[in-house]
Structure formats: structure tokens, C-alpha cells
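Visitor: Protein chains in written order, with our numbering: chain A, -1 to 251; chain B, -1 to 251; chain C, -1 to 251; chain D, -1 to 251; chain E, -1 to 251; chain F, -1 to 251; chain G, -1 to 251; chain H, -1 to 251.
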């Protein structure tokens, strides 16, 4: 609703002073004991519900937020959760699922529809936890996901054998550690955006993923953009945004 | 065409041995005196014609490639061109245009249609050259572009006054140097992908754009992915890919 | 007292040779068994009593220093204390308080007056431990503190809803990890000094707070200065210095 | 004016719909041909007029902005100006002054009052250009400045001989390159905030000021906060904010 | 000759005291006016004649050394030479050749035999100067070189079209800037050693070749080792060593 | 077999459509439950069987892959294995050997022939684990290895006493941490390729091996190429490639 | 003995062939089971006995080397030893002493004379472990050591009160973490060499001592040279070398 | 003179109030127009006259300081001078000498005695400018200097042929760029302190000397301390301090 509309309706007494004031001074979030401000307008604003970055949260805070979001939305999704955090809520909210590989904790509505398609590729098997975070994030947000794992450039025929599937996706997520060359090769082979996720897989001069990040940022291929090291969630999120654009009702050009 | 089709048609003598062999051994590029291999299949493969990264090219090579691409496509587009390079070709190919701000050199077909919409935002005026590279790249590839410049976070009301325009875009390109905080703020305000472009604008600990790159990679906001420092071209390219997904014929979900 | 006064009074026999000599050769600190030199003149010189940086101190040294400072001042304040260190002194000095969140250990005089006002803001909930170190440090030194937590730039309306409170403060402490953009946004919205505290919250390319530090140092906004990563104590200290300047008896201009 | 007041006055027809709408949708800046948005509300909001960061501005833009700000405020101040930029405006606006040392260009009102006091100290003579940027910035904003140059720690008696003057200041700006140790020593000797400015003076492992920046950020002394390398302007700005707090009408505590 | 042999022959008066002493105290280099020590035994010891790293040499020294090596060996080879240095010697030694692309200056014996085969590959055309330094170095040392330029991973079909030629080489030199992914892809496709040469081609976060270096060092493929950024000479040298091993008279196993 | 041959034979009905199609679409790897793609054509393509990088593999995956490779090849080799991983397979496959020093786990065929010779040198005793990984890798691949440990440059006579042995090798692996100077000294003393392996041995500014890596990359000596920090496996692999070239049937030149 | 003398005496049969050969081929070290080469000529060559860097040594190797050096020299000295290593030898060699603070393990001859004087200064109490390593190393090598701890620049009067003692030393060791400014201040106050030891004490941007190292390397004061982070042993060693030069029999000039 | 003596003599009227006050408040430096404070007590305090770091000084300041120091001391010494600066003073002070290699400008007293001995070694010829700065600095301060150039580790026999000369020195200055391994090798061969000077000679990953600095700081050899990159002056200074200790009248032990 536009400011002008609010003002006009207020003048006409269709809304009260309090309602009009609220519009301009509103606090679209819920305070939780001072330590957090849940963003309850987020789904309206961005099309995505708020999720929980579980790592580092105090036990009490985690449980409180997890329950509150579940109550509000009928489902809830947390990343980087520990098994300990799972133990905290599994008896309170029986439908909680925890995945040891991706460290995702969630209660998800049944029979969720998944639309469009993205491809999530990894260079090696050690990159799979990050790839699963990306894939499950995208799925939670309603995206259909194709997983193509262990197709790194040191044996490039493995990638070519799956190329057709990859080329059908609206967005490709390229997850790779060590030297991270997978993103460049993919960028040259598809005509859709590639979201590159460097991982901390590697040793020595990989510097916990910084080398892979630099590789991806400097890619000679086009159509590549990069998210933070190990940030599967961020990749799944932006891939979902792109996928939604591709499948929504056609815009006028 | 699929391998099976080729083989079948070859068996039926619909195509010759040479044609079949060519399919499997084809070199979809043109060699130019050994120094370059123009990617003549690129437009088919990726939907984008080949462009020229002019910086560092020898004069002779630059002129040769520029002419060749113009002959093939009826238009040609080069980034990071110097005025000297413009002098080299302006008499050979009279329609050449050169832009001192963005360092783009091009001959562009008339009456090109621009579809969809992306927004290109800058934090300051010094970021405009990179933003123009992004905007003009996207326009060359057929994208409608909205420019919103000088809306950095140090005077955040300037950004809010243009927010509606930004929110209508299919993709937002956020161009910022110094501390690069613009991308995070935009990420929290729009529901479309934000492509962040760090620039080398700044001094001291900005380290020629590395600080802005780190800011953007570490963003606490969602829906942000990052390209290389000053890489306006890369941002315009991926924004065009995203915009095309949004305006193409609706997929089945 | 000036050197000339000392000399004059010494000449007049108002002070003895020993007293005069003491003035010029004084050791304004107390040696503690060779391993430390407590700065007993500090409060006179700087207006702040000596505090203890507890981390890494040997048990015996910690207990000894903690007791000595309590005896001298009737109160004592330590940062980065472990629960183990609390156990060491809690029975010796019954009034000891320990805060698990900020890792502050202290015995504080009752009914301390708090003057002026500073605002301590955080981007997220994970930044609260550092913010509490800043806030409690400032309070121990007699400053009134307003806490505004979880107002990071990814949901910037949360910040705007508290802006008036922030703008009333004499100094704003901005505590943020990840990309640390909060400081820049605050710098553009208030007319008082902003002390920026990068935190080690984040992962991947946040490099344990170095990215946030670089963001803050490169801020495009004015009126921002930065302290070390996670250095809540340092921020609380300098904010107190600024607050004291604002509330002291008015200087002649 | 508060939102509630606006709404009430609008309801009473004391202000028109357009005026009320304007309040909520106002653009408190002037657009200059699309390339810049001068922040005409800045002085009201922050107490400081807008200044020009001249480096990198196109000639036409520089001249335009310089003139516009002069017309609006009757004075104008630019940092990091080149002699070339001075040549551009010196005939248009005859009162323009340019300082080769600090690279400041300005037209300043006569008989400006300077209040309070800050001290600007340098470690060596090579740090003076940055120190002058800080000092002249503060003076332009109405601060009285004491300059204490060439008092670095390698001959520490030079610092002690000026200590009383430094201790009288409301804020100390410590400008140092190479290893930057001056800030730590000053922090231990004064009871007012020290704003540390690392400079790019040095060679080899000084890494263009990064080493001095790290020294200052890690200082073992209290009451120190740091701005960007060579950012004299930023130091002069925040020192002025602190000085103003010290000399304004006394707050109630 | 072994120490024992020398001693025995000396005892038998087959060699003189001076000869024996010379053996143990020999200075297998020629002093040139104190500023350099030409390694005249180098060819015996390593199988490679001494070459000149021309960059940074004083004019007088460069001319002197160039002439001396030519006199001793009948040919001479210098890397990173400037056109100015070429001017200095072209009239003194008429057979001198200078290559503007690779910055190599040389007088080379006619009809030199080239044995075995190495492949020198580049990702882009901008990498060719470094590749030529590698290729011409190897050729000077008697290696047959196959050049395969502009086969970077962003259009990987260009590489596959030349793969058979590459696979026949005894050693592959992979020259690439930007993200440097070519080395990894080659490592997965050939069964011979790959010597990777990062180049300073790129911009932004390429950090003058450091990113490409990190990519190559962290390669997930086997059989790759890396030399310094832009070190074509070093790659040509070690590739020659490997090629010589492959073509020399067969060892007993 | 060449594409032309396949096509000709297919036309002549010597091979079926499926066989021909398979040639062009083949997947030369075995999928293992989606999480890995074993490269079963690797030995044919590269002359080396696939080995296991054990670190970070899930227990179930590790056991599965270890067994599969053993079944296929009659032997199996894993690097960076933990004692825990050894416990997992030692009862399943009784011939498994585990080496606590090099962290290698393997089942190796008896009476393997070792050909040629490489030398593996270390600077100190703390570098031995990495050196053993290199040596045992090379031995597994059929290379004869000479170990020369603890010959670092701080007592350079130790190196000279073993120089003749080193000079007889076809390739020298130089393993060193701290400042990594061993590689440079070796490079000047032998006429064969030196593969330098920086190790993470050291403290302080060694930065976990980065300093040694930089030393080796910048070596002033010729004939040196570098692998990743602690990458003994990579060094043993490429040294084996070089050694094989030296001992194979003599090529025509 | 000179080579010429050896040869002459050998010719005269004053020494045998074996003795002469031994001179030229000698191995001045003892091999210990292949894993180490104890440098038994070290004391003759350098004036210092070999010491043990205990960290990372296998138990068996540590015990073996510790015993061997004790047997050879009647005393033995190890740095960076763990309490576990002390347990290993304390019953075998009853005179062993272990210091938890400096992590030094040793058996030292009684009544060792200490000559000359060096001063070992620390900035804080947390730097004492490194300072003790320096001091005890120097004492083991026969140097008289003055300890001056906790005299950092944040309370510089503590340093001045001990300045006379420091100025009497032949060499000053300056041990400091955090910003490491102590070295610069000392360098300006004494006329003897200052050996600066950065420590890993600090947090945040101290980067485990790298910041302090950079501060010390960039010092604006003269007469300062730097050793590795936490390298107390190295500082004690070179300080002893300098002290010995100062107290030895006077050279002719 | 001690404080007590001053006070006693003052009481006895042997010195006036002004004299006594002067003692405690003295300014042992001369102010030069506010921009510099020449340290006229330096020679007394440190045994070294003040020298000029010419780089970056304004012309007027340079000339003024150069003349003032010449007048005070009868000689003057400046480092990092440009030929332009030489032009400025060569006519004013006819005895001025300028050395294009070391960039030293000086007027030196005739027949200066040089005592003791230091050795200045370089790895290559490109390191000579830094080595000459070290050597000429030491000579200006009265040290006898032996130059041993171009003895880098890639041809280590060159070093061994000069070893005896090096071993006779009281202090060895090791000047090396690229990988900087010379310092480690020298540290293992001499029993005197080695002052290591990394140089910016190199390219690629040498990072302007940072790699050589890291090599030297991490040296596995003992008796090495490091100064800043290209800091020949600093090395010559501390080497002179050490040499003076070695040749002065013998201390009592």
C-alpha cells in the first residue's frame, strides 16, 4: 500500500490515526526478550520465511526461536545445527528431522510442491555436505533439485556424461573445494547462471577455502557469481530466486 | 542433434562419412593466425555472441579480431578498450562508438529491443564507470536497464527514495567500492537476486577493492552473489541471463 | 604539580630532598613478585582504575592481582575471565560476580551513579557477548548505557524503529561481525562519534573478523573509528571517555 | 517533527495532502544530472556541511559540484584535490585557496570562530600531509587545533617535551606511518580519546600503511580508535565531533 | 674424478701439488669486476649453459656479460630484456635477435637439433608472452616444442580438439592467468608431468597472478607441479630436463 | 581407436549401433550409490590406478571404496588415513598394512618390481612423515626410492656427504618446512628435476607452510617445481611420472 | 688446517691416505638410525653445543637424542618440551629439570660462569614464557641475564624507571605481543643492538603475532633486528653471540 | 648526572633555578620551522650522528636539514636520495658526493679510520644497491667492510670459495631477494651474528620482498635476525653496533 493511499484513507476516516501512524512507524518484527528481533514481515517482503542459523546460539535462545517460528509458520528450518541442538527439541516437537551430513534441522510441511529445476554439482565427495545444505535449502523453498556429485575436473569425462541434465536446469550451483576449477568449466558449458560455492575442503595452501574462492571470483568464464565459503544455504537461496523468476507467470517484456 | 541421430542418418547415407566425422571431431571455432581461436559456436551454445576483452591485446590482433567479429555478426562489442584502440579502428569501421567513461567500444545494431528490467545501483559517483560497463553490457545483450547512482549507505535516505524502482527489477546489480555495504542493504530490501560488484574505488585498507569484495562475500543478507572487482561486464552478463529467464515463455513447472 | 613548583618549594624547605627526588624518580606502580607492575597511579593519570585482562594469566598471578586491586580500590573488574578463574576467587571474596555471556568477573561498589548516555548496538544476536563486554565496561566506569541488539542491515527497518534512542546518545558503539556494514549505516544516521567493533562472528571469508574490520576501516560514512576485533572493552573505554567529555562541567570555549 | 504531528496537522487541514506526502516521501538531496545526489539535509542531520572528495572526479563534475556547494553554503571544502582541479576553478571563484601539502582546496568564510582544542601529532615529517588534512578539516569545522609534529617514538624525549600541551586537548589525533607506535605511547599518557591515523609512509613490509594500521588496532593502550590509512579527513571529522561534545552547553547528567 | 683418485695420482706425481690443490680449492667461476661471478662450470655440472636474467642489470654490466658469454659459448640467451638493452648490443654483435613478445634476446647457433617433444599450452592470448618465453627457452636448450594457444576452460572444446597432440608430449607446460584452471583440466587428461605456470594476466582479485598460483598449487588433479608467476623460463628449463630424461639412451632399470 | 575407424567399422556392420553409440557416450567410471564415481578407466588413461584420499570420508564410504578398489585391482592404496579407518578394514581384509608415520593404509602385491631411482630428501626429522608419504607413494607405483633425511641447510655439510647418491637419481624430491631453503640448494647441485614439497613444520611466521611454499616458488635456482604444502603424495606421483620417462624404452628423438 | 697443508703432509707421509681422504670427505655428524644426523662438530664450528627442539619429536627419538647429547656433553638443553617428554626422561636421567613456564627441559652443569650482560624485557606478563626461553637459553650458553618484565608502552614510566639497568647491557632482547611497540621505544633509548621478539600474545587482528612482527620490522628506530614469532631461543642465541663479542679478548682494530 | 646531584647542587646554589629546571624540562633537539626536530643529542645518546632519510622530503626541507647537519657535524649522510636532490645541494656544498647505485648522498670527513670488520654478502648482482647502502652506512660510521657479492645458493661453490673471509668478520650482513635462502646457509657456516636483509628483487610471488622476509624470519639456522625489506641502512647500523662491541676496550666479565 502506498503512502498516498494511507493518507487518503486516513483523511476519509477509513483508518484511524493509530492505524495510519502504525503504518509509518510500524515494527515489523517480534522482540524476543531483547536478544532477538524475529522478522515476521520477511515472508511478505522477500517471499522467503525466516530460517535459523543455529551455530553459536545459546540453548535457551535456540529452543525459543525454533518453537516460535514453528508456531507461526507450521514449519521451521535451521542450518548448521549440532546434534546437541537436535536433542534439545526432538521431544518438544516430535516431527523434527536432523541430517548429520548437511547439519540441517527442520520440520517441513508434507507434500510440498517443487517447481522448475536447479542442478547442484560437486567436484568431490567431500564437498557433499555443503551441496546438501544448498539442495535441501532450495527444496525447502519449493525448488526441484537435481544432484550431480563427484564430477570434478581431474576426470572431466564424468562431468560430460551428465551434461545434458545440467543444461536443462534454470540455475547451476557449483560446489568445489581445493582449486575450485569446476565453476569455470561449468560456466563455459551452460547458458544459465552458475552460482559458485567454494568449500573449505583441501589442505595446505587451500587456506580453508580462500583459494577456491579466489579461483571462482577470477573465473575466465561468463555467467558465474560467487557466495561465501561453505555457504550452501546462500547458494540454495539465490538459486531459488532465479528459479522462481524462470517459472512464474510470464511478464510482459 | 544427438549422437544416435547422426549415426542413424550416416548409416542411411543421409550424411557422408566426412559429415559424420566432422560432427564428432568438429572445431567450432576459427583459428586466427595461431594467436586466437574465435568461438564461433558461442552464440548457439550460450545465447551470447563473443565479445572482446580489449585490454592488453596487441594492436594488430585487436584490429583483426574486431573486424572479424563485426563481419560475422553485424555488430561488435569490446570492454576495457583504450582511446588508442578506438583510434585504430574508427576510420576502418565508421560506425564505431567509444565511451570514455565505461571504456566500451562497439558497433551496435540499430533499434535493438530491450526486454525485462534490471537495476544497476552505485554507492558513489566514482563507481559509475564500472556500473556503466555493467549497464551497457546488459543493454547490448538486449536487457532494459534502470540506472540508480550515488545511493550509498552513508546517506541511506537517497536509496529509500528510489526503492520502488529497484524492487521492480528482475535482478539488481550493486556496484560499490570502499566498504561495499550497499549490497547487504539492498539484499535486505528486495526479493530478487542481487549481483554484487566490488570496485577498486577507495584508498588505504581498501586494498584495491579486496575489502569491498570481502564485505560482499560475507554479507549477512540473503540473495547476494559476487563477481570480481571492477567486473561490470560479468555482472551485466549474469544479470542478463537472469532477466532472460524471467521474461521468456513460461516453462511448465 | 609543575617541576618549577617542586623546585621552588624544595628550595624553600617546604618539601624535603627525598620528597623532591621522589617526584622526579618516582615509580608509580607496585611490583608484584617480578611478574607484574600494577599501575597504581593510573586512576590519577587517566581517570580510570586498572582492570585485569584475565585470559592467559597463571592461577596464582590472577588471584594475587585480583585481590590486590580489590583491596586498593574496594572494587575490581576483569575481562575475558573463565569460569575456572571465577571458581578460584569466589570463596575468597564473596561478592564476586561472573557473567557467562560477557566473560566479565567483578566486584562492584553499590549504588554507582551512571551519567550521560551511550548506545551499544549489535547487528545480530551472536554479537551480544562482545556488546555486553562493551556495555558492562562502560557501566563499571560510570556511564549510562542503552542496549539496542539485533538491528543488522539485512532487515534495516529494525534499526530505524530504534533510531531516536540511538540519536540521543553521546557516542554509539556499533558491534558487528560477518560483513560489518552496521557501522557505515549508523555513521550516516547519527551526528555523534561511532566506535565500531568488528567481531569474529561469521565463517569462511570472514577470516575471524578481519573482513568486518576492513569494512569498518573503509567506511564511506564519517564519524567512525575502529577498535580491535572483539574488543568490547576498548570500545566501552573510549566511549566512556567521550561521554565524560559531554557531561563534565562546561569548558570555556 | 514527529509522524503523529504530521498526521494530526494533516487531518486538521493545517497541511495539505501534498505536504504530508512530501514529508514521508521526501528526497532530501539535490540530483545533479544523474551522476550525483548532493546531500542538502546533511548539515541539519549531522551538524557538518557536505564536503568534496575530489580525487577521481571528472573535471566537469568537480567544477559543477564545487560551484553548487559554494552557492548553497557560502563556503566549500574539498580534500585530495589536484593542482589541476585548482586550475579549473581558480578563475571562476576567485577566493579559492589550494594547499600543495595537504591537497585541500577551499573557499572559507572569514573570521570563523574556533572552539575547544584538539592536538594533531605526527611521528615524522613525512606524516605531515596527512596531519594537515586532519588539522585543516577540523579547523574548517570550527575546531581549535594544536599541531605537534615530528615526535615519534625513536626519540621519545621530543614527545615528552610537548606533553602538557597534548594533555590539555579534548581529543588527540596520532598520525604515524612505518610501525605506527606513536598511538600506543600517546594512549598511555593522556586521559582523552586518541584517534589514530596510520599513514602510507614507509617501505618494504610497511605494505603501504597496513602494518601501521595493524599496530594501532592491536594497541595495548586504552582509549584508542583507528581510521583508514591516510584518512586525515576522517580523523579531523570525528575529533571535531568529540571536541563539540566537550564544549557544548552542559547536559544534565 | 673422485677425491681418492686425485690423492693417489698426486702421490704418484702424476699431478702436481698445484693441480691437486686446484681440485680441492677450485673456483669454477669467473669474476667480472666484483659485481658478478659467471658460472663457467655450469654447463658441465647441470648440462645447461648460463643464461642472463636481463631485467634490472646496469647497461655496462649487461653488455659485458652478454659479450663474455657469447665469446665463451658461441651463443648467448637472455630473458626479460628490454628493447633498450637490444639497442645496446645489436651493433656490437650483429647476429643478435630480439623478440618483442617474449622479451628474449639471443644469438643462437644455426641448425640446432631439437629432440623429443613438449607441449606449451595457454588459456588465453594474453598468456602468450609467458608461453613464448617457455617455448623459446626450451628450444634454445634443444627441445622440440608444440605450441597450443588459447585453449582455456571457458570453451573447453578448443582444448579437446588438440588433445591428441598434447598427449604425445613428454611434458606439458600449462600457462594460465585469471583463475588458472587449465592446469587441473590438463592434469586429468594426460599421463605425463604437467608444469603449471601462473601468469599475472587478470585484474581485481587475481592479485597479479597469486590467485592463479593458488589454484594450481591446490589442484585436485595429479601430476602437476608449479613454478613462479610469469616464470616461463623456469618452466622451459624443467620441461627440458624431463624431456631429456625421456629421450636419452635407455638406462638399465 | 579413432572416431573415423569407429564410424567405418559401424558402416561395415562390424560393430553395432549400440557399440558405436557407446563409444561416443561412454561413462568410463562406476557410480557408487551416488556419492562417488570411481574412475575405472584411470589406469588405462594415466598409467596409475586410482588411490584413496581417506581424510574426511564417512566410515561407510571409506570401507566400501577401499573394498571395491581392492577387488578390482588386487591391491589398494590410501593416503591420510587415520588409525580408526585402519580398524574399520583390518578384519575385513587381513593383509591391510597401516603406517603411523606416513598415515598410509594399503594392501600391496608381493614382489613388486621397482625401477629407476628417485631421491627423497628432508631438511629435518619433523619433515619425515611427508617424505614417507612421497616415498611410499612412489614405491607403490613401482619406483626405486633413496631416502636422505635430515640434511637441511643449517648444517650443509650433511647434504654434501650424500650428494653423489642424490645426483644419481632421475628426480629429486625436496621436503622442507620452516624456511624451505633446501630446494634452492639442491636445485643448484643436481642436473635433474627437483620437485619441492613445502611442509607445515615450523611456527610463528611459517604460517603453516605458506612461507616455505613461497620460498620454493621464488627459488633463484633452476629446475624446481612445487606441489602443495604437505603433499607428499603429489610429489611421489609426479616423480614417478618423470622416473618412468627416464627408464622406458628409448624414444626416437 | 688448510688444504695445502694436508696435501704437503700427505706427500711427506706424515698422514696416511685414509687420513687425507677423511679430511676431504669427512662426515662431521653422527647418524642416528636414519632419522637424524646429530651435528657433533657444531660446538667446534659455531661455539654452541647442539640443542633439541623437542616439539613434534616421536617419544623414542626424543629419548634417544636427549640421552646421546647428555652422554657426549655432560649436559643437555631442550626447548618447547612438553611435560609428557619430561616424564619420559626424568627417571632415566635423574638430574633433569623442567620449567612449566618456558617449556625448557635441561640437565645443566653446576657452577657455570655467566659473563657480560644482556637485558631481556617484556611488554606484558603474558610475554614472560617467551622471555624466559630467551633468558634461560642465554644463561645456558654462559650469558649473564637481567630480566625486566611488564614494561610495555601503555605505561611508559615503568620502562623509564629501569632504563639505567637496560642501558648497561651489551644487547637488549625486546619481547612483545599485541602491537609490539616496545622494540621501537627501546631502540630509541639504548646504544646497543636490540633483538626484537614478537609474541603470539593478543587477539583479533594480532593474527597470532604477525602484527607485532610487522611493527618490529617497520620500526622507525635504529639498531633493531627481528626473529620469528615466539622465538625466544633464537633471540637468546644471537644475544649470546653479541655478548661474547663484547667480552672476549680485545681484537686489534 | 643524577637527579639527586642536580637537586643538591641547586640547593647549594651551585646551579640556578633555571639550570635545574632546564635539566628536568630540557629539549635536546632543535626545532626547524615546526616541521622537524633535529635530534642534536643523538650522537651523545646513541654514539651515532643523525642521518637523513631523503625520500619524500620537500626540496626546501631537504636542503635546510642537509645544510644544518653539515654545519653541526662537519659531515652529513643521506640515504634514498634522488639525483634531483643531489642537484639541489651540489653547488651549495661543493664536496657533496652522490652514488647512483646506493642512492647515498654525503659529505664525509677525510681519512676516517675504519675498525673491526663486517662482511656484506649478496645472493645476486641485483641485490648490490641494497648491499652498498649497508656497506657505505657502516663505513660512514667507521666500520671496515668486506664486500662479497653474487654468492647465492643456486651456485653454492661461489660462497664456499669466500668462506674464510666471511668467517673472519664480527658480523655478517646477508642481502638477498627472491627466495632469500642465503641467510640460512650463512647462519649454518659462521659463528657470528648474521643480519639478514630481504630485498625487493624478484617477481611474481616474491611480493616485493615479502617472501624473502618470511624465509629469513623462519630460518632453521641460528644466529640470524632480520631487518626490513631493502633496509640496507638498518643493517649497516646494527652491524656497526655489533662490530663496535667486538673492538672496544675489553669489558670486565
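Positions of the beta carbon are idealized from the N, C-alpha and C atoms, including for glycine. Note that the structure is predicted; figures quoted are calculated from it, not measured.
Is there contact here, the segment 91 to 99 of chain E with the segment 149 to 169 of chain E, by at least three beta-carbon pairs under 8 Å?
Guide: no
Visitor: Mind checking which residues open and close the beta strand (DSSP E) that includes residue 201(A)?
Guide: Careful: residue 201(A) lies outside any beta strand (DSSP E) and carries neither H nor E.
Visitor: Hey, how far is the Cα of residue 68(B) from the Cα of residue 96(B)?
Guide: 15 Å
Visitor: If you follow the alpha helix (DSSP H) that residue 185(D) is in, where does it begin and where does it stop?
Guide: 180 to 185
Visitor: Rounded C-beta distance between residue 56(C) and residue 223(D)? I'm assuming under 8 Å.
Guide: Not quite, the Cβ-Cβ distance comes to about 31 Å (not below 8 Å), so this is no contact.
Visitor: Can you tell me where the alpha helix (DSSP H) holding residue 70(H) begins and where it ends?
Guide: 57 to 71
Visitor: Distance check for residue 124(G) and residue 98(G), CA to CA, integer angstroms please.
Guide: 14 Å
Visitor: Rounded to whole angstroms, what's the CA-CA distance from residue 215(E) to residue 212(A)? Just pull it up for me.
Guide: 13 Å
Visitor: Out of 48(B), 77(B), 151(B) and 71(B), point me to the one whose CA is closest to residue 229(B)'s CA.
Guide: 77(B)
Visitor: Can you give me the C-alpha to C-alpha distance between residue 184(H) and residue 34(C), rounded to a whole angstrom?
Guide: 39 Å
Visitor: Between residue 134(D) and chain C, is the shortest Cβ-Cβ distance under 8 Å, so that the two count as touching?
Guide: Residue-level contact check: residue 134(D) does not touch chain C, since none of the beta carbons of chain C fall below 8 Å from its beta carbon.
Visitor: Classify residue 135(B): buried if its beta carbon has 16 or more other beta carbons within 10 angstroms, exposed otherwise.
Guide: buried
Visitor: Just how far apart, CA to CA, sit residue 127(F) and residue 191(A)?
Guide: 44 Å
Visitor: Hey, residue 210(H) and residue 208(E): beta-carbon distance below 8 Å or not?
Guide: no
Visitor: In three-state terms, what does DSSP make of residue 94(D)?
Guide: Looking at residue 94(D) - three-state DSSP - the assignment turns out to be coil, as it is neither helix nor strand.
Visitor: Using a Cβ-Cβ distance cut-off of 8 Å, determine whether residue 25(A) contacts chain B.
Guide: Its pLDDT being 45, under 50, residue 25(A) is placed unreliably in this model, and the value from its coordinates should be taken loosely. It does not: the Cβ of residue 25(A) has no partner Cβ on chain B nearer than 8 Å.
Visitor: Using a Cβ cut-off of 9 Å, pull out every chain A residue sitting near residue 114(C), in sequence order please.
Guide: What residue 114(C) touches in chain A: nothing, since even the nearest Cβ is about 22 Å away.
Visitor: Check whether the Cβ of residue 137(G) lies closer than 8 Å to any Cβ atom in chain D.
Guide: no
Visitor: Does chain G have any CB closer than 8 Å to the CB of residue 15(E)?
Guide: Chain G has a Cβ within less than 8 Å of the Cβ of residue 15(E).
Visitor: Hey, does residue 208(H) have any beta-carbon neighbour from chain C nearer than 8 Å?
Guide: no
Visitor: Looking at the structure shown, is residue 164(H) part of a helix, part of a strand, or coil, going by DSSP?
Guide: helix
Visitor: Where does residue 195(H) sit, in a helix, a strand or coil, going by DSSP?
Guide: strand
Visitor: Cβ closer than 7 Å: which chain B residues qualify as neighbours of residue 216(C)?
Guide: 176, 177, 200, 203, 204 and 209
Visitor: Under 7 Å Cβ-Cβ, which residues of chain G neighbour residue 197(F)?
Guide: Simply none; closest approach about 11 Å.
Visitor: If you check the beta carbons only, do residue 15(D) and residue 5(A) fall under 8 Å apart?
Guide: yes
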